[in-house]
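K.L.:
Protein chains in written order, with numbering that gives the first Met the number 0: chain A, 0 to 341; chain B, 0 to 341; chain C, 0 to 341; chain D, 0 to 341.
We treat Cβ as the ideally placed atom computed from N, Cα and C, and that holds for glycine.
Note that the structure is a prediction, hence the values are computed from the model and not measured.
Protein chains: 4
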Amino acid sequence: MRVGVLTGGGDCPGLNAVIRGIVRKGVQEYGYTFTGFRDGWRGALEGHAVPLDIPAVRGILPRGGTILGSSRTNPLRAEHGVRRIKENLAKAEVDALVAIGGEDTLGVAATLSGEYGVPCVGVPKTIDNDLSATDYTFGFDTAVGIATEAIDRLHTTAESHMRVLVVEVMGRHAGWIALHSGLAGGANVILIPEQRFDVEQVCAWVESRFRATYAPIVVVAEGAMPKDGDVVLKDGSRDSFGHVRLSGVGEWLAKEIERRTGKEARTTVLGHVQRGGTPSAFDRWLATRFGLHAIDAVRDGDFGKMVALRGTKIVRVPIAEATARLKTVDPELYAEAGVFFG
Amino acid sequence: MRVGVLTGGGDCPGLNAVIRGIVRKGVQEYGYTFTGFRDGWRGALEGHAVPLDIPAVRGILPRGGTILGSSRTNPLRAEHGVRRIKENLAKAEVDALVAIGGEDTLGVAATLSGEYGVPCVGVPKTIDNDLSATDYTFGFDTAVGIATEAIDRLHTTAESHMRVLVVEVMGRHAGWIALHSGLAGGANVILIPEQRFDVEQVCAWVESRFRATYAPIVVVAEGAMPKDGDVVLKDGSRDSFGHVRLSGVGEWLAKEIERRTGKEARTTVLGHVQRGGTPSAFDRWLATRFGLHAIDAVRDGDFGKMVALRGTKIVRVPIAEATARLKTVDPELYAEAGVFFG
Amino acid sequence: MRVGVLTGGGDCPGLNAVIRGIVRKGVQEYGYTFTGFRDGWRGALEGHAVPLDIPAVRGILPRGGTILGSSRTNPLRAEHGVRRIKENLAKAEVDALVAIGGEDTLGVAATLSGEYGVPCVGVPKTIDNDLSATDYTFGFDTAVGIATEAIDRLHTTAESHMRVLVVEVMGRHAGWIALHSGLAGGANVILIPEQRFDVEQVCAWVESRFRATYAPIVVVAEGAMPKDGDVVLKDGSRDSFGHVRLSGVGEWLAKEIERRTGKEARTTVLGHVQRGGTPSAFDRWLATRFGLHAIDAVRDGDFGKMVALRGTKIVRVPIAEATARLKTVDPELYAEAGVFFG
Amino acid sequence: MRVGVLTGGGDCPGLNAVIRGIVRKGVQEYGYTFTGFRDGWRGALEGHAVPLDIPAVRGILPRGGTILGSSRTNPLRAEHGVRRIKENLAKAEVDALVAIGGEDTLGVAATLSGEYGVPCVGVPKTIDNDLSATDYTFGFDTAVGIATEAIDRLHTTAESHMRVLVVEVMGRHAGWIALHSGLAGGANVILIPEQRFDVEQVCAWVESRFRATYAPIVVVAEGAMPKDGDVVLKDGSRDSFGHVRLSGVGEWLAKEIERRTGKEARTTVLGHVQRGGTPSAFDRWLATRFGLHAIDAVRDGDFGKMVALRGTKIVRVPIAEATARLKTVDPELYAEAGVFFG
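1) Per DSSP, which residues does Thr-266(A) bridge with? Please list them.
2) Going by the DSSP bridge assignment, what does Phe-196(D) pair with across the sheet?
3) Got a sec: which bits of the region 26 to 51 of chain C sit with their beta carbon under 8 Å from any beta carbon on chain D, in order along the chain?
4) When burial is assigned at 16 or more other CB atoms within 10 Å of the CB, is His-179(C) buried or exposed?
5) At a CB-CB cut-off below 7 Å, which residues of chain A make contact with Thr-267(C)?
6) Rounded to whole angstroms, what is the Cα-Cα separation between Val-347(C) and Ile-53(C)?
7) Only counting the same chain, and skipping five residues up and downstream in sequence, which positions put a Cβ closer than 6 Å to that of Leu-182(A)?
8) If Lys-262(B) sits next to Val-205(B), beta carbons under 8 Å apart, how far is it from one beta carbon to the other, in whole angstroms?
9) Report the rounded CA-to-CA distance for Val-107(B) versus Leu-75(B), giving the unit in angstroms.
10) Mind checking if Arg-152(C) is an interface residue toward chain A, Cβ cutoff 8 Å exclusive?
11) Over what stretch of residues does the beta strand (DSSP E) that includes Gly-121(C) continue unbroken?
12) According to a CB-to-CB cut-off of less than 7 Å, which residues of the region 84 to 117 of chain C neighbour chain D?
13) Pull up the distance between the alpha-carbon of Ala-307(D) and that of Ser-131(D), whole angstroms please.
14) Could you tell me whether any Cβ in chain B is nearer than 8 Å to the Cβ of Ser-236(D)?
15) For Ser-159(A) and chain C, any beta-carbon pair shorter than 8 Å?
16) Which residues, taken in chain order from the region 65 to 78 of chain B, show a beta carbon closer than 7 Å to some beta carbon of chain D?
17) Based on Cα-Cα distance, which residue from Ala-48(C), Asp-151(C), Gly-58(C) lies nearest to Ala-211(D)?
18) Please list the residues of the region 297 to 329 of chain C that have a C-beta atom closer than 9 Å to any C-beta atom in chain A, keeping them in chain order.
19) Counting along the chain, where does the alpha helix (DSSP H) carrying Gly-290(D) start and finish?
20) Any C-beta of chain C sitting closer than 8 Å to the C-beta of Thr-413(A)?
21) Cβ closer than 7 Å: which chain C residues qualify as neighbours of Ala-280(D)?
22) Give the residues of chain D in contact with Thr-212(C), contact being defined as C-beta atoms less than 8 Å apart.
23) Can you find a CB in chain B that lies within less than 8 Å of the CB of Arg-244(A)?
24) So, for Thr-147(D): in the same chain, excluding its five sequence neighbours on each side, which residues have a beta-carbon less than 6 Å away from its beta-carbon?
25) Classify Gly-300(B) as buried or exposed, calling it buried when 16 or more other Cβ atoms lie within 10 Å of its own Cβ.
26) On the DSSP bridge list, what partners appear for Phe-33(D)?
27) With a threshold of 8 Å between beta carbons, is Gly-276(B) in contact with chain D?
28) Any beta carbon of chain D sitting closer than 8 Å to that of Gly-63(B)?
29) Find the residues of chain C that neighbour Arg-283(D), judging by a C-beta separation of less than 7 Å, and give them in chain order.
30) Cβ closer than 8 Å: which chain C residues qualify as neighbours of Glu-335(D)?
31) For the 8 Å Cβ check, are there 3 or more pairs between the region 148 to 159 of chain B and the region 117 to 125 of chain B?
32) Name the chain D residues whose beta carbon is nearer than 8 Å to that of Arg-23(C)?
33) Tell me which residues share the same chain as Thr-267(B) and place their Cβ nearer than 8 Å to its Cβ, disregarding the 5 neighbours each side in the sequence.
34) Which stretch, first to last residue, makes up the beta strand (DSSP E) that contains Arg-315(A)?
35) In this structure, how does DSSP classify Ile-59(B) when only helix, strand and coil are distinguished?
36) Should the region 284 to 302 of chain C be called in touch with the region 126 to 143 of chain C, which here means at least 3 C-beta pairs below 8 Å?
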């Protein structure tokens, strides 16, 4: 049995741990051999295969990124995409495929498996934690840890100066990183994409915080949007408030707070720092176990499925179930955090 | 409504986050007032009460330890213990009690609640993660993170020298910290209290590792014991191998490996470093939510219960259910890790 | 003998370590008593004095910020500023003053000491490391460490994506943080305020890096400026390139690189994260020693001086010498780093 | 010009940064080619040469250990050692050698250079910081940082329990790591090899600390020894107090404190954790600059010299000057720290 492995979509700490788990168990316990495809589906589409054996996965557990490279190529949109993939798998003598990726990567795996008879197993990956059917995805804990450490450091400045500190964190469509890091870091305002925010309310929290203790820390997901305004623009055009927004929502919000409250405000934009570097212990544990269970699914011939975390167990679910809808922050959970606002 | 709060047992990062969650929600949403009892049940027994309000919990979220102090006092074993506690609660005008602690502390809460009509809610705490009825307890993720970082650092030395590196981590009765940090750190041998280890097998793994790549890292829980030997002694008496063991199992094992394989071995004993310092983001999130849900249980009059994590939800379970038996490492889970041994 | 202590200017990890060093040695070895003035010179001007004894400095060593607060108030510009300060010192029975701060705070100390007979000793503080007469100032090592860790994390993404990563770090007038963190982090371009940069050259480095290995990391000090352009604006007006720059130079540079090279570019703006949180071990050591030696200077009646680091020794230098000119990055040192560009 | 590079002695974070600095500058600015010798002098002795070019040094800056391997082989003690080295250098067409290492490795370089006409430049390396002629050696700052973080974490436990916490850190002959980390971590007792300690005095400090605030933290260098006793033994024989000491001085001291004060004491032994993992920003900066300046010395034909840090400058000194005597902790500096004891 020869198994192909590929990683698709954005960077995420833990990808290498998955690959290592798959290969170690596959080789040692089941006697499989492995082929890696470079840069996600692009490698499968273009026949860019690399050998993947135990020496190749030595030392990669603590390393961010992916030794196989990644891309956002969607082979279903490429000419003769399915046929070319099938040909390349045949050429590489690959009997089954493990696809590690987010919604898009897994969606392709589901289609290939369900409609075209390519035996695929999925491993879910999204740093934003917005994939249904799994309690957590690896990379998320690392990102939350990095954002929380940044917020911790900002408290010092907040204590000794009168500056509002705005931290923009990842989360285009779901506010999980903002919610978890904001709660863990003791932020005074947390803004998520799931609920448009009222700038006046934000300013009221800012001012009540100043009265109660010291300067506030505002955590805002990059995808959060004001209630009575337009989407946040990055292209220099004017928004409905008449502001030019070359930068993200964090910078924009800081300026709005300054304008409305008269307090100085400063912004931290963590950007890709959140998705790089060594994975947290939790993410390595989760990613490793995902890898071990994915190769078990291959052995069981349980294709079209992906591994998922439920409590402390790894289970298998149909890929389609997981990619059908985004897992956004439950309003009740967000409300629970509200006790710490202001 | 006035609510008493106390923390009992060993140190654990996240205790302050629980206290803060309880007080912030209790005061702001339910209008409760709070009284802290110093040093666990001892404070309740001796009437050592301190005021606990919002200013008292400011800034404590990221801090390890507990602002209320702790002890291992069991009031049920004290003369007129129950009566004295009841008197002190009455004197302090406390209507309900939140007890944050491990098996012992919670056991007292269960008894007081069930047999003596003292309204108690429990919050589980054990850095070893060995409490049933909850997926995780706070403090555990922090400890695993610290141990994993230490293992990461040892890999460097393992790569460039021919020394076996033994790391002794916490875990007297359950090997959760050893298992998780060993897996996350890429250890080559993981030894847990749940399964007596065979020193010969350990040496075989050590030697196969040397042949395959470089020097091995052995993670051993402080409570792990050799198969064909006695418990590990710390008092200087001789064990059944004829060795004097003044130190823990880590130091002992290193010497055994040296003696049997002829390779140099060095030990790291992390000790209390694992239970101190700022909690990880995950632990702060969990501890904060435990606090928020514990005060909800008080409001609902749901006494004799403790909060617990199930997946991503906080639920309530009878305290007795959680303290009935130790949650040890499932043999299957331990076997899963075995693919990385040697 | 009663000694006053104050901290002025911007936030800087290590301020509390200095205060602790002064008080511990002053009380225990010389039998002095201490008075803190709140918020830098403002407290001395307005007579806002607080007691400062050994219990007050317990536990502050690892904490960022300053327990005495800070401000940018210049008492020499206040009406009757000198007289009011003298009156307040007399009222508080303060015989000598230790002023901890940057160029401005120390400048006031020099003037008060030299021209008005107020016995002052200085302790230099600038996170930017741009004060002459001392090898390093505390806070700098911490900031460099935080920036380096961020750059480390970005390498992961640089490896797996084709994105240029721009990191804006502190340094309005001197590029020390950019230079040290850029060198320590393995950046491919480092831009400092001391030398206007040529955007075309930056793009050439970016492109040569892409050809050689993978995506480049560009570290830019917030005060760095393009050669053939205007200063970077934050107020929305247009610069000489016709761009609106609402954000800092990092965001601006990313857009320029995108426009000129056609490669995607992303920005990380660390902001105040660099100046908050616990000081590094080096900074605690330096700050503590500064405190111990500052109180020795007071004991010796060596006023108008500040403590300074030379090699591994703490020496005393006239404050005026240190504040006369900014310590900027030596062109030779910057050139030395150039071997790693591109 | 072809230059040989080798790394000798114990592990030390920053070795790779030196190698990278040498190769990057040597290739890019001087057009040199490079050969690495494996495992220190052993590789030169046995002719184990590996190619060393720019691709070989990519990505190694943040990695601990050494890509060239290390050993403690002394070629001067090998049969025909010098002749064999000369032959191997000739065979590899190596014109000059850069030796990176401690006292022993550099001593060989000095002899080869001075007595046998082998052109050698040295780069000093000792994690213990005990080499004369340089303010600091790389690796030391990293070790101090790791030990300080451990001490920070122990404060939490010290605050909430009545346990004495003993931390054993590296330092066989010099107490630099103990002194710096103890001071930076706020330890209550610091014991170094340079001054035999009085266990009674240690216990007095322990008890005064308990009275003043909470439990004490004792930092002890592995080479520290009691005043009125024997050296600390690891082989199970009895010392002059009649104790068996299987473990190091940390474990021994904890037991002595328990016995004499009646307080519980716990030990943390960091071991090799202190010398592994990624170097601190300071160490990467220092090591990189050492590399850049070492290749400059080669270019200048300045053999028999090693690079050294003086203030913020890199200078060259005769190797013999640096290795003539150990740089131990100055009694005055140790006395300075005494204000924090007890």
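P.N.:
Short version:
1) Val-165(A)
2) Pro-225(D)
3) Gln-27, Glu-28
4) buried
5) Val-268, Leu-269, Gly-270, His-271, Val-272
6) Residue 347(C) falls outside the range modelled here, since chain C spans only 0 to 341, and no answer is possible.
7) Ala-336
8) 7 Å
9) 7 Å
10) yes
11) 119 to 123
12) none
13) 9 Å
14) With a pLDDT of only 47 at Ser-236(D), under 50, the local geometry of the prediction cannot be trusted, and the value read off the model is given with reservation. Closer than 8 Å: no.
15) yes
16) Thr-65, Gly-68, Ser-69
17) Gly-58(C)
18) none
19) 280 to 298
20) This structure gives no information on residue 413(A), because the portion of chain A shown stretches from 0 to 341.
21) Val-143, Gly-144, Thr-147, His-179, Ser-180, Ala-183
22) Arg-57
23) Confidence is the limiting factor: at Arg-244(A) the pLDDT is only 45, short of 50, which leaves the residue's position unreliable, though a coordinate-based value still follows. No - not a single Cβ of chain B is within 8 Å of the one on Arg-244(A).
24) Ser-180, Ala-183, Gly-184
25) exposed
26) Val-2(D), Leu-51(D)
27) yes
28) yes
29) Ala-183
30) Arg-288, Leu-291
31) no
32) Val-338, Phe-339
33) Ala-149, Leu-153, Leu-164, Val-165, Val-166, Glu-167, Gly-249
34) 312 to 317
35) coil
36) yes
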